[in-house]
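In the working numbering, the protein residues as written are -15 to 385.
Beta carbons are placed, not taken as given, at the ideal position from N, Cα and C, and that holds for glycine.
This one's a predicted model, so the numbers in the text were calculated from it and none came from an experiment.
Below is one structure, written out as structure tokens, with a few remarks after it.
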Amino acid sequence: MKRAAIVSPLRTPVGAFGGALKPIPVEELGAIVARAIVDRTGLDPARIDDVVFAQSYTNGETPCTGRWVALQAGFPIEVPGMQLDRRCGGGVQALAAAAMMVQTGAADVVMAGGVESMSNIEYYTTDMRWGRRAGSVTLHDRLDRGRERSQPESRFGRISGMIETAETLAREYGISREDADRYAVRSHRRAAAAQAAGRFDDEIVRVTVPQRKGDPAIVARDEGVRGDTTVESLARLRTLMKDGVVTAGNACQQNDAAAACLVVAEDRLDQLGLQPMGWLVGWAVAGCDPARMGIGPVPAVRKVLARTGLSFDQMDLVELNEAFACQALACVKGWGSTMDALEDRLNVNGSGISLGHPVGATGARIMSTLLHEMRRRKVRYGLETMCIGGGQGIAAVFERA
-15 MKRAAIVSPL
-5 RTPVGAFGGA
5 LKPIPVEELG
15 AIVARAIVDR
25 TGLDPARIDD
35 VVFAQSYTNG
45 ETPCTGRWVA
55 LQAGFPIEVP
65 GMQLDRRCGG
75 GVQALAAAAM
85 MVQTGAADVV
95 MAGGVESMSN
105 IEYYTTDMRW
115 GRRAGSVTLH
125 DRLDRGRERS
135 QPESRFGRIS
145 GMIETAETLA
155 REYGISREDA
165 DRYAVRSHRR
175 AAAAQAAGRF
185 DDEIVRVTVP
195 QRKGDPAIVA
205 RDEGVRGDTT
215 VESLARLRTL
225 MKDGVVTAGN
235 ACQQNDAAAA
245 CLVVAEDRLD
255 QLGLQPMGWL
265 VGWAVAGCDP
275 ARMGIGPVPA
285 VRKVLARTGL
295 SFDQMDLVEL
305 NEAFACQALA
315 CVKGWGSTMD
325 ALEDRLNVNG
335 SGISLGHPVG
345 ATGARIMSTL
355 LHEMRRRKVR
365 YGLETMCIGG
375 GQGIAAVFER
385 A
């Protein structure tokens, strides 16, 4: 079976909720990255066999996101596209779907990635299709509703949202508020150091944002990084649940971003003049109790390592999406490791708490950051893994080219 090469992984900056990228619709966010990949590689977009994009909060304004992105980017109309959703793991799933296409010979070149504009997620109603003769109409916030409806209540009971699942892990794994706050500080400081050193520059595509007056604004940096965060400043925040651990400061952000790459069959690289940055070695997805959704990376990592025949110790870098600080710490314990043991390998440039979590885009964003860091350090293997609302985990192993 052919190997799947990862070529030119790029991303936009991660915008804050209601921040600088709010005016950019989701199809244009994706198209900005798609155009940049074509420009940097010199690839004729007509050679792209499919465009696979993840989006977790899709709606009727931009149906079939991958096709929209291809058309918005100006690709030939013959280039098809699709949208998929595995919630937080959607960006990794898009890469996996593209890899399966090229590994089996169904395609030679696939553009894969993810996009989310959480600032523009709409309110909706299920009351109006057949009209209302009397009474009130309910408008649901799709952001909150998507978290509340991540599992069948008839089977699992009511789970109020992702915060509740994180608090469950904090209790079960003995993680304190101070533990969570210390981890959050670590994330922000590492992301701030990476920004200051220019370590994100090669992977970020600048976004031009029109303004009502004056020249357009250029967004080139992730907006959520707060390098001056301290344990003392976080300690002043109220917990989101009574007697809990999770606060707005030690949980991931809501964000806007897009990220993508080309997934190319290895026997087409020379013909197309493309240089791979890495190879997708293997991937796996696993289910877990929806009430403990944050622990999903533990069975997912176990599964991908068994499939690839590799060990956790062989992973030179590990990227674990920080949905919540206590969730990340629970996964470290679930792997049978410690923060001291992973200090130089885990989330070395920050993650969801500092860089943000634009849900459908996050898996591709992490992949881009991971592969660029692997190239800088000249290491062989990188592991990416994420928890998924509704009770899943996904993991992927990459090898540096």
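Ranking Pro(-7), Leu5 and Ala(-12) by CA distance to the CA of Ala201 puts Leu5 first. Nearest to Asp297 by C-alpha distance, out of Met(-15), Leu367 and Leu258, is Leu367. Spatial neighbours of Leu123 in its own chain (CB-CB distance under 6 Å, excluding positions within 5 residues in sequence) are listed in chain order as Tyr107 and Thr109. Where Pro(-7) is concerned, the enclosing beta strand (DSSP E) starts and stops at Ala(-12) to Arg(-5). In this model, Asp33 and Phe1 are separated by some 34 Å (Cα to Cα).
For Gly44, the closest of Arg126, Val36 and Ala(-12) by C-alpha to C-alpha distance is Arg126. Taking a C-beta distance under 7 Å as the contact criterion, Met277 and Gly373 qualify as a contact pair.
Restricted to the region 9 to 61, the beta strand (DSSP E) segments that are unbroken, complete and at least 3 residues in length are 34 to 38, listed in chain order. Going by C-alpha positions, Val229 is about 7 Å away from Ala154.
With contacts defined as CB atoms closer than 7 Å, Ala270 and Gly75 fail to qualify as a contacting pair. It is roughly 47 Å from the alpha-carbon of Val215 to the alpha-carbon of Gln87. Counting along the chain, Gln67 sits inside no alpha helix (DSSP H); it lies in the beta strand (DSSP E) bounded by residues Gly65 to Leu68. Lys197 and Gly3 have their C-alpha atoms spaced approximately 17 Å apart. Per the C-alpha coordinates, the member of Leu330, Ser40 and Ser134 positioned closest to His341 is Ser40. In this structure Ser120 is exposed. Its beta-carbon is surrounded by fewer than 16 other beta-carbon atoms within 10 angstroms. Distances from the alpha-carbon of Gln179 to those of Cys48, Glu62, Ala204 and Thr49 put Ala204 closest. For Ala314, the enclosing alpha helix (DSSP H) stretches over residues Ala309 to Gly318. Secondary structure in the region 58 to 138: the alpha helix (DSSP H) runs of 4 residues or longer, each lying completely within the stretch, are 74 to 87 and 126 to 132 in chain order.
A contact is defined here as three or more CB-CB pairs under 8 Å, and the region 351 to 361 meets this definition with respect to the region 377 to 385. Pairing Gly97 with Phe184 gives a Cβ-Cβ distance that is not under 7 Å.
Considering only Gly375, Ser335 and Thr353, the residue with the shortest C-alpha distance to Pro283 is Gly375. Looking at the DSSP output, Asn239 shares a beta bridge with Ala0. The continuous alpha helix (DSSP H) containing Arg359 extends over residues Val343 to Arg361. Under the three-state reduction of DSSP, Val302 is assigned to strand.
Here Lys317 really is in contact with Tyr157; their C-beta atoms are around 5 Å apart, less than 8 Å. In terms of Cα proximity to Cys245, the closest of Ile8, Leu330 and Ala348 is Ala348. A distance below 6 Å between beta-carbons, with the five flanking residues on each side excluded, links Leu330 to the following residues of its chain, in chain order: Val302. Going by beta carbons, Val381 and Val247 fall outside the 7 Å limit. Taking 7 Å as the cut-off, the Cβ atoms of Ala57 and Arg19 count as close. Membership of Gln255 in the alpha helix (DSSP H) is indicated by the continuous run Leu253 to Leu256. DSSP places Ile279 in no alpha helix (DSSP H); its state is neither H nor E. When Gly336, Gly377 and Cys371 are compared, the shortest CA-CA separation from Val(-2) is found for Gly336. Remark: C-beta atoms of Gly293 and Gly377 do not approach each other more closely than 7 Å. In the same chain as Ile159, and ignoring 5 residues on each side of it, the C-beta atoms closer than 6 Å to its own belong to Cys310 and Leu313, in chain order. In the three-state reduction of the DSSP assignment, Glu216 falls in the helix class, which pools H, G and I.
The beta carbon of Leu326 lies closer than 8 Å to those of Val302 and Val316 in the same chain, with the five residues before and after it left out.
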